[in-house]
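Structure first, commentary second.
Numbering (this note's numbering), first residue to last: 2 to 622.
Here you go:
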């Protein structure tokens, strides 16, 4: 849903901090209301010196744009985030979140508790669903968010820079159908965004304009700040074909240093192009859109076109953005190609962003949770105040009539008889309260059982080759007889009103007596197989998929069988649940739907259904 107010966008680059305020138009577009930027002269490699400068720059920009103490949308650089594009099997929409969470645990190269991550669904024409997964180290996000907070502004949303650039491109170039490469050359890194129709692929390479500054500083034995000044004032990119012969000696030498420092950039781009075509099945870019501060170097587009042999065009993220009257047209014209992230962030405020990633810092998550509770807390406060007012009024009224009531009580006490009725009512009330307490205690005990159950299942299915898509409690299940099972959850489970049960009523009348199942003459029949409880969950039906390893599912079954004799075991895979010496259920009885091998080489995975009888049924009364 679009914001009704202005959007404040903040781009935090390695050497450049920019901020802009956008107003929404009536048609859902954007108006650039105000804009400002500041440079940071510190070496991007010196993070400790950069952070205080970032705080100061953000604070000064917020003051200049008059947005102090307001909340902003900002982006994290492509180099600081981990991005993975994944294709999922054709599953129901309800199961995708669980599957993505499973895949995140497998693919994010850090412990999942050490990262903050989010995902977005990409447009897909085939049966498979493609998602973009973005993750960032928790401490890195916390650090930059603290830096922003120290500048006196809050956080509304945190996006990833490549996703913001993609949103800006899709908005401003809606008619671009050919496969293109959006190349954003920053100071520390270059973001590569491949756009092919609605398809997206991104990569960040550790080559940027700062590497040029570092090369100049090393060549001339000067400081980083002095080298940056030389690059900005006198720097050009040397081209082939005797280009430097037209320059004076000092400029020609500087141009050669710059060219040598930049040679790695087109080489990395070409390597990524090959990877995109071979591993991602993408098409070669027909055009490159150049963006970022690195594009300011004279002859940079010509240099890249010479090396890549692909047409180069400067990116304009303001094509469909209205520029306000207060904006310096000359400044914005010279810096438009550097506003891609800001425009992409602003599009979140008017609901025009195809991809919505929100990396929520811990402190922001806490603030959001508190904000969600505020209406309830306010309602409680209103009720409390109203109750106090009623109490106060009641006390005042009682004070006035206390003497009169005392007289009435004296006159009526002699007429009161049979206090036994009142005592009986009080005793009944006490019994009702006791029953309510017992019920609550029982439900709390069941809650603990469910937590234990879910924890044990998670332990068994902690495999990259097996994932769960459906988890269903069932009742009236007889070991080895899948048809006896009855689902306990109603179809309307998700829409059940407060106070109403979302479980099926499985009570039966006239159930047959338990049947003894002996194994033949001369053998002890052992304990009887009890009739499955009608008002309880006595089994769990699990549906999922397996891939890669043929025996991944049966290994889980064997592990459960090996653990069933333990005192704390939750499942029992025996013919007679009351007799641990009875024979085990067969694999076919535990897995009524199971293909031991992937039948089709083109298939990603095979489905399975597993029924796990509970050692102790769980009451749902």
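Ideal placement from N, C-alpha and C gives every residue a C-beta, glycine not left out.
| Asked | Found |
| --- | --- |
| Name the two residues that bound the continuous beta strand (DSSP E) containing residue 88. | 82-89 |
| By how many angstroms is the C-alpha of residue 552 removed from the C-alpha of residue 578? | 26 Å |
| With H, G and I counted as helix, E and B as strand and the rest as coil, what does DSSP make of residue 359? | coil |
| Looking at residue 599 and residue 607, is the spacing between their C-beta atoms short of 9 Å? | yes |
| Sort 613, 348, 554 and 356 by Cα distance to residue 24 and report the nearest one. | 348 |
| Against chain B, does residue 561 count as a neighbour if the rule is that its beta carbon must be under 9 Å from one of theirs? | The structure shown has no chain B; it contains just one protein chain. |
| Leaving out five residues on either side along the sequence, give the residues of the same chain with a beta carbon under 6 Å from the beta carbon of residue 318. | 169, 173, 340, 341 and 344 |
| Taking C-alpha atoms, which residue in 261, 277, 82 and 164 lies nearest to residue 145? | 82 |
| Closer than 6 Å by C-beta to residue 1: which residues in its own chain qualify, once you throw out the five before and the five after it? Chain order, please. | Only positions 2 to 622 of the chain appear in the structure, and residue 1 is not among them; the question remains open. |
| Could you name the residues that DSSP lists as bridge partners for residue 1? | Nothing can be reported for residue 1, as the shown portion of the chain is limited to 2 through 622. |
| Thinking C-alpha only, which one of 260, 261, 285 and 262 is nearest residue 272? | 285 |
| According to DSSP, is residue 142 part of a helix, a strand, or is it coil? | helix |
| Exposed or buried, residue 452, counting other C-beta atoms within 10 Å across all chains shown (16 or more means buried)? | exposed |
| Using 8 Å as the Cβ pair cut-off and three pairs as the minimum, do the region 321-331 and the region 99-110 touch? | no |
| Cutting at 8 Å between CB atoms, please list the residues of its own chain near residue 1, excluding the five before and the five after it. | Within the shown structure, residues of the chain are numbered from 2 to 622, placing residue 1 beyond reach of any answer. |
| I'd like to confirm the pairing. Which residues does DSSP put opposite residue 121 in its beta bridges? | 133 |
| For residue 174, does the three-state DSSP call read helix, strand or coil? | coil |
| Which residues mark the beginning and the end of the beta strand (DSSP E) in which residue 544 is found? | 537-547 |
| How long is the line joining the alpha carbons of residue 14 and residue 538, rounded to whole angstroms? | 56 Å |
| Please check the pair residue 79 and residue 162, which I expect to be a contact at CB under 8 Å, by giving their CB distance rounded to whole angstroms. | 5 Å |
| Label residue 546 either buried or exposed according to how many other C-beta atoms from any shown protein chain fall within 10 Å of its C-beta, with 16 as the threshold for buried. | buried |
| Quick one: Cα of residue 370 to Cα of residue 359, how far? | 15 Å |
| Output the distance between the C-alpha atoms of residue 354 and residue 30, rounded to the nearest integer angstrom. | 11 Å |
| Can you tell me where the alpha helix (DSSP H) holding residue 24 begins and where it ends? | Note, residue 24: premise wrong, no alpha helix (DSSP H); beta strand (DSSP E) at 17-25. |
| Please classify residue 466: does DSSP put it in a helix, a strand, or coil? | coil |
| Out of 309, 263 and 260, which has the shortest C-alpha to C-alpha gap to residue 274? | 309 |
| Terminal residues of the continuous beta strand (DSSP E) containing residue 9? | 8-13 |
| When you compare each of 470, 289 and 596 to residue 177 by their alpha carbons, which one comes out closest? | 289 |
| According to DSSP, which residues form a beta bridge with residue 371? | Answer by DSSP bridge pairing: none, since residue 371 is not bridged. |
| Take the Cβ of residue 225 as the centre, count every other Cβ of all protein chains shown within 10 Å, and call the residue buried at 16 or more, exposed below. | buried |
| Three-state secondary structure (DSSP) at residue 230? | helix |
| Run through the region 240-309 for me and flag every whole beta strand (DSSP E) of 3 or more residues, listed as ranges in chain order. | 288-292 |
| Where does residue 32 sit, in a helix, a strand or coil, going by DSSP? | strand |
| Quick check on residue 197: does DSSP put it in helix, strand or coil? | strand |
| Determine the contact status of residue 201 and residue 356, defining contact as a CB-CB distance below 9 Å. | yes |
| Where do the N-terminal and C-terminal ends of the beta strand (DSSP E) with residue 76 fall, by residue? | 72-77 |
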